[in-house]
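Worksheet: one structure, shown below.
In the numbering used here, the protein residues as written are 130 to 185.
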């Protein structure tokens, strides 16, 4: 059980890191639609992380 929790937390952190890289790329290329998508995904990931932390 503990291993799956650690693995899930690691996946969430990696997802957030990849999303930050995508956001940086979108800002460099001034692609407004990509920036909106990245911010929406990041908000969703952060909400999932909070729910994950509250449950476990």
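Glycine included, every Cβ here is placed at the ideal spot set by N, Cα and C. From a predicted model like this one, the values you see are computed outputs, not experimental measurements.
Residue i vs residue j beta-carbon contact at 8 Å
i: residue 177; j: residue 141; result: yes
i: residue 183; j: residue 148; result: no
Alpha carbon of residue i to alpha carbon of residue j, nearest angstrom
i: residue 136; j: residue 143; result: 10 Å
i: residue 156; j: residue 173; result: 19 Å
i: residue 146; j: residue 168; result: 13 Å
i: residue 179; j: residue 139; result: 14 Å
i: residue 181; j: residue 160; result: 31 Å
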